[in-house]
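Report on the following structure.
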Amino acid sequence: MSTSPEYATFHFHALHHADQPLLLPNAWDVISAVALAGAGYAAVGTTSLGVAAAHGYPDGRGFAEARDATVALALRLNGRLSCPYTIDVEGGFGGDAGQVGDLAAELAEAGAAGLNLEDGLPGGEGLQDPVRQAAAITAVKERAPGLFLNARIDTHWLADSPPPLSVTLERAETYLTAGADGIFVPGVIADEDVSVLVAEIPAPVNILFAPGRHTVSRLADLGVRRISTGSLLFRTALQATLTAADAIRTGRRPADAAGAGGEVLGYEDVQRLVGEE
Numbered sequence: 028m029s030t031s032p033e034y035a036t037f038h039f040h041a042l043h044h045a046d047q048p049l050l051l052p053n054a055w056d057v058i059s060a061v062a063l064a065g066a067g068y069a070a071v072g073t074t075s076l077g078v079a080a081a082h083g084y085p086d087g088r089g090f091a092e093a094r095d096a097t098v099a100l101a102l103r104l105n106g107r108l109s110c111p112y113t114i115d116v117e118g119g120f121g122g123d124a125g126q127v128g129d130l131a132a133e134l135a136e137a138g139a140a141g142l143n144l145e146d147g148l149p150g151g152e153g154l155q156d157p158v159r160q161a162a163a164i165t166a167v168k169e170r171a172p173g174l175f176l177n178a179r180i181d182t183h184w185l186a187d188s189p190p191p192l193s194v195t196l197e198r199a200e201t202y203l204t205a206g207a208d209g210i211f212v213p214g215v216i217a218d219e220d221v222s223v224l225v226a227e228i229p230a231p232v233n234i235l236f237a238p239g240r241h242t243v244s245r246l247a248d249l250g251v252r253r254i255s256t257g258s259l260l261f262r263t264a265l266q267a268t269l270t271a272a273d274a275i276r277t278g279r280r281p282a283d284a285a286g287a288g289g290e291v292l293g294y295e296d297v298q299r300l301v302g303e304e
């Protein structure tokens, strides 16, 4: 594949309109991204939890340090991968529309082909006003028009009682009008809900893979165009590290303990490890 930024962004857009959905593994550092690209994935994303936690910060809190680590990773990936890469920027790390646009321009300059921008407020304190979120989306497209802007809608993410899908669809319409290229709704599980999103949203729909609840083939049948692993790979790697260390301590071979029990650290488990109350 050509390494030119123009081709990478064109190719990344096209992957959302191919015969099969884009299965997007999410990396947390250079070596995980290089390994995933080398394994033949068509594109690689980053996980905001993985990047933040690897630097000792909780996810989704808008810390300037997490922003700096994210941009630094994007820069280090430039020219290292055989496929396009897209960057998760939380909600813009607390910036206003102009600052989010500036961030998008930095990422485009770093070689990124896309970005993921969520409307959940820092600290899990509800959702961003859709008008303000739309302004940030417009600013991104003005400053970095080539980037594939995946607008994440957090109506169902970590929600005990998510609102009706009509609320999600209203936000999707607003964000697409503002210039978003795709819509990401993490936390949606049921086939019937996925089907409604695909039918009603006139853009590529992205679903977060839920182990034990989703299969790639089923999501493909439902019309999903992008399937993200989110922080799952990072949390699985952490769990494997703990399992291997315990195996060494108890006199077993690490390889014998790999995957034992099928347990994976949860999102909140990682947040607590980095000091999240």
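Residue numbers for the sequence shown follow my numbering, so the first one is 28 and each next one is one higher. In this text, a Cβ means the ideal position worked out from N, Cα and C, and glycines have one as well.
Proximity test, Cβ basis, 8 Å: residue i and chain C
i	result
A96	Although the question refers to chain C, the structure presented lacks it and comprises just one protein chain.
Alpha carbon of residue i to alpha carbon of residue j, nearest angstrom
i	j	result
G150	R179	16 Å
N233	S255	7 Å
T268	V61	20 Å
R279	T270	10 Å
A96	A79	7 Å
T113	S188	30 Å
G119	R94	8 Å
V116	G77	12 Å
V98	P48	27 Å
K168	V127	10 Å
L196	E227	7 Å
L42	L174	13 Å
P241	G214	The question names Pro, yet the displayed sequence has His at residue 241. Cα to Cα, the separation comes out at about 11 Å.
E290	Q266	7 Å
Where residue i sits in the DSSP three-state scheme
i	result
Y202	helix
A54	strand
L2	Beyond the ends of the chain as shown, which are 28 and 304, falls residue 2; an answer cannot be given.
L154	strand
F175	strand
R94	helix
F261	helix
L224	helix
G89	coil
T73	strand
V297	helix
T242	coil
Per-residue burial, residue i [other beta carbons within 10 Å of its own, 16 or more giving buried]
i	result
G65	exposed
A131	buried
P111	buried
M28	Reliability fails at M28, whose pLDDT of 47 lies under 50, so the model's placement of it is uncertain and the value that follows must be treated cautiously. Exposed, because fewer than 16 other Cβ atoms sit within 10 Å of the Cβ of M28.
A91	exposed
A299	Here residue 299 turns out to be Arg, not Ala, going by the sequence shown. Its Cβ having fewer than 16 others within 10 Å, R299 is exposed.
Selected residue, minimal CA-CA separation from residue i, among the options
i	options	result
S244	F37, D46, T36	D46
L185	S193, L174, N177, V212	V212
G125	G106, G138, A101, Q160	Q160
P231	L100, N177, A264	N177
L144	L108, G72, V194	G72
Q155	G122, N105, S222, E136	G122
A101	Y68, S109, E136	E136
request  = Say whether the stretch 206-219 touches the stretch 149-168, bearing in mind that this needs 3 or more beta-carbon pairs closer than 8 Å, one atom from each stretch.
outcome  = yes
ask   = How do the stretch 238-257 and the stretch 269-282 stand: do at least 3 beta-carbon pairs fall below 8 Å, yes or no?
value = no
ask   = Counting Cβ pairs closer than 8 Å, one from the stretch 216-224 and one from the stretch 31-46, do we hit at least three?
value = no
inquiry  = Could you check whether the stretch 80-91 touches the stretch 138-153, counting it as contact only if at least three pairs of C-beta atoms, one from each stretch, sit closer than 8 Å?
reply    = yes
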